[in-house]
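Residue numbers (the UniProt record's numbering): 1 to 158.
Ideal Cβ placement from N, Cα and C applies to all residues, glycine included.
Working notes for the structure below.
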Amino acid sequence: MGEGSRAVSKTDALGRQVWDKAAYATLAAEKARTGEVAKQVPKEETEKARLRREKRERLNAKAPKERTFLEGRTERLKLETKLGTQRFVNAADDAAIGFHCATCECTLKDSAAYMDHLNGKRHNRLLGKSMRVERKDADQVKDRLKALKQKKLTSLTP
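Quick look at the structure:
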């Protein structure tokens with residue numbers, strides 16, 4: 001297949017590409033007739049990609065296979081404890097910058113990103129939680145509302 005038989009794209013009045021479909025159909029037929037297939041050369045894995053893949057495999061191996069329903073937090077996140085504080089940062093220690101999640105082995109720049117991460121699919125999957133919430137029937141909801149109302153009344157009385 002010579003260089004002259006290559007199909008070329010043209011532009012219309014608005015500057016958009018218009019493809020010569022007949023020329024590309026003849027190219028496809030010629031490739032099918034000669035048995036020419038597109039050869040994909042495998043790219044070599046870069047060092048950064050290899051480290052990323054190994055970390056992903058290590059974390060996936062650590063994640064539990066059986067997942068439970070998503071639950072509310074029982075403890076408070078004390079994000080305000082880091083507010084207005086100064087820390088010395090060691091360049092070799094990535095965990096010292098911002099908010100660090102030991103479960104996922106990642107560091108996030110600010111509290112909003114940290115909260116998004118804690119509520120995210122990847123973090124909860126590593127904790128063994130699915131992103132589904134357990135369904136409750138009407139009686140369970142009524143009991144929960146009654147308990148919350150009772151708790152509110154007892155907290156208001158001195």
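Which residues in the same chain have their Cβ closer than 7 Å to the Cβ of Leu-14, if we skip the five residues on either side of it in sequence?
Around Leu-14: no qualifying Cβ.
Would DSSP call Arg-16 helix, strand or coil?
coil
Limits of the unbroken beta strand (DSSP E) element including Leu-70:
Run containing Leu-70: 68-70, per the beta strand (DSSP E) assignment.
For the structure I just gave you, are there three or more beta carbon pairs, one from the segment 64-73 and one from the segment 117-135, closer than 8 Å?
yes
Report the three-state DSSP secondary structure of Leu-108 (helix, strand or coil).
strand
Let's see if you can read the secondary structure: which residues bound the alpha helix (DSSP H) around Arg-53?
First-last of the alpha helix (DSSP H) with Arg-53: 47-62.
What separation, rounded to the nearest whole angstrom, lies between the Cα atoms of Lys-146 and Leu-153?
11 Å
Should Tyr-24 go down as buried or exposed, given a rule of 16 or more other Cβ atoms within 10 Å for buried?
exposed
Look at the alpha carbon of Ser-111 and the alpha carbon of Thr-81, and state the distance between them as a whole number of angstroms.
11 Å
Can you grab the Cα-Cα spacing for the pair Gln-17 / Thr-11, in whole Å?
Approximately 4 Å between the Cα atoms of the pair.
Return the first residue and the last residue of the beta strand (DSSP E) that Lys-129 is part of.
Start and end: 129-133.
Backbone secondary structure at Thr-81 - three-state DSSP
helix
Check for me: the alpha helix (DSSP H) holding Asp-143 runs from which residue to which?
138-156
Look up Lys-21 in the DSSP assignment and say whether it is helix, strand or coil.
Reduced to three states, the DSSP call for Lys-21 is helix.
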